[in-house]
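If you use the numbering used here, the sequence shown closes out at 259, no skipped numbers anywhere.
Think of the CB as a built atom: it goes at the ideal place given N, C-alpha and C, for glycine as much as any other residue.
Note that the coordinates shown come from a computational prediction; the quantities given were computed from them, not determined experimentally.
Each remark here refers to the structure printed beneath this line.
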Amino acid sequence: MESFYSIIYYKTNPLTDEMVSIGLLAGGGEGPFMYISNARLDLLKKVLHPNTFLSVRRHLKFLFEKVGKHRNEAAGILLFDPVFSVEQMDLLSQRSKNTIAYSQPTTINEWLDSNFFTELTKSFFGETRNSSPNKRPVFHLKWKSFYHSVKFKAWERDLPISSILPNSSLSLRIDLADLENKKIIKGIDFDLSETSLNRKLYELELISNALQEFQITIVYPTPKKNSGKDAFEATKDKFMKLGFQGFSEFKNLN
């Protein structure tokens, strides 16, 4: 999925379409990410009725939490329609007729990660995005950052399965693929929520069935939850032909 950004506006005058930019939403890469300018919200607070302002802030808080949950749980895998995709935001920008509006998405020709998004918000709003340095990055962000490094420049990354099977109707992407040696590597966090993990495992089953001639390796962080440990053991029992390698061990070997 290509990276993009969309500017979030508040319509101060619906009759004349006067708008104030209040935030930024970006998707793709390690996203989605969302930023809301506190300075712009303070401005709105001064000109809006208190009840109106509370309603706007409640809407933005809900969206901010949704973006964070989507990113941290990697719920929008490519087997399904991504929630924060260029296509979705383009439709949203065209249909936005309420007080909150979104610009048409603009493509980002850079790898979207937290650092790049911070620089992007600074260039738009002149403000530094608050970060949470003490919060450990979730596995799928660390994993994607690792396999997009120069260590795997000889591998195909985020490869559509249709590149291997042209007649396949599956809308799936493979993390790492060595087509010459018929090797596939996929990262899975077994501590994901039940819904997200089930989607990941369903995707794995489809790939495994479609590419039986490939050697498939699953890279995973050591499960900490009991549910994750149980899911990991059940997956190993079910996919006995697949290889399993811990993320720490995998990094040391590569």
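Between phenylalanine 122 and alanine 44, the beta carbon gap of about 18 angstroms keeps them out of contact (Cβ cut-off 8 angstroms).
The beta carbons of leucine 209 and lysine 191 sit closer together than 8 angstroms. For the pair proline 110 and phenylalanine 244, the CB atoms are not nearer than the 8 angstroms cut-off. One Cα belongs to valine 224, the other to phenylalanine 249, and the distance between them is close to 6 angstroms. Proximity of the region 62-72 to the region 33-43 meets the contact definition, three or more beta-carbon pairs being nearer than 8 angstroms.
With a minimum length of 4 residues, the unbroken runs of alpha helix (DSSP H) contained wholly in the region 133-204 fall at 144-152. Serine 108 and isoleucine 12 do touch by the CB rule: their CB atoms are close to 4 angstroms apart, below 8 angstroms. Tyrosine 15 and isoleucine 105 do touch by the CB rule: their CB atoms are close to 6 angstroms apart, below 8 angstroms.
About 5 angstroms separates the CB atoms of alanine 182 and leucine 164; that is less than 8 angstroms, so the two are in contact.
Distances from the alpha-carbon of glycine 73 to those of Gly131, Phe157, Thr21 and Ser119 put Ser119 closest.
For serine 253, the three-state secondary structure derived from DSSP is helix. In the structure shown, phenylalanine 244 falls within a coil segment according to DSSP collapsed to helix, strand and coil.
Around the Cβ of lysine 187, a 10 Å sphere holds fewer than 16 other Cβ atoms; the residue is exposed. Excluding five sequence positions before and after lysine 127, the CB atoms of its chain that fall closer than 7 angstroms to its own CB belong to Thr133, given in chain order. The DSSP assignment places complete alpha helix (DSSP H) segments of no fewer than 4 residues inside the region 25-82 at 43-52 and 55-78, in order along the chain.
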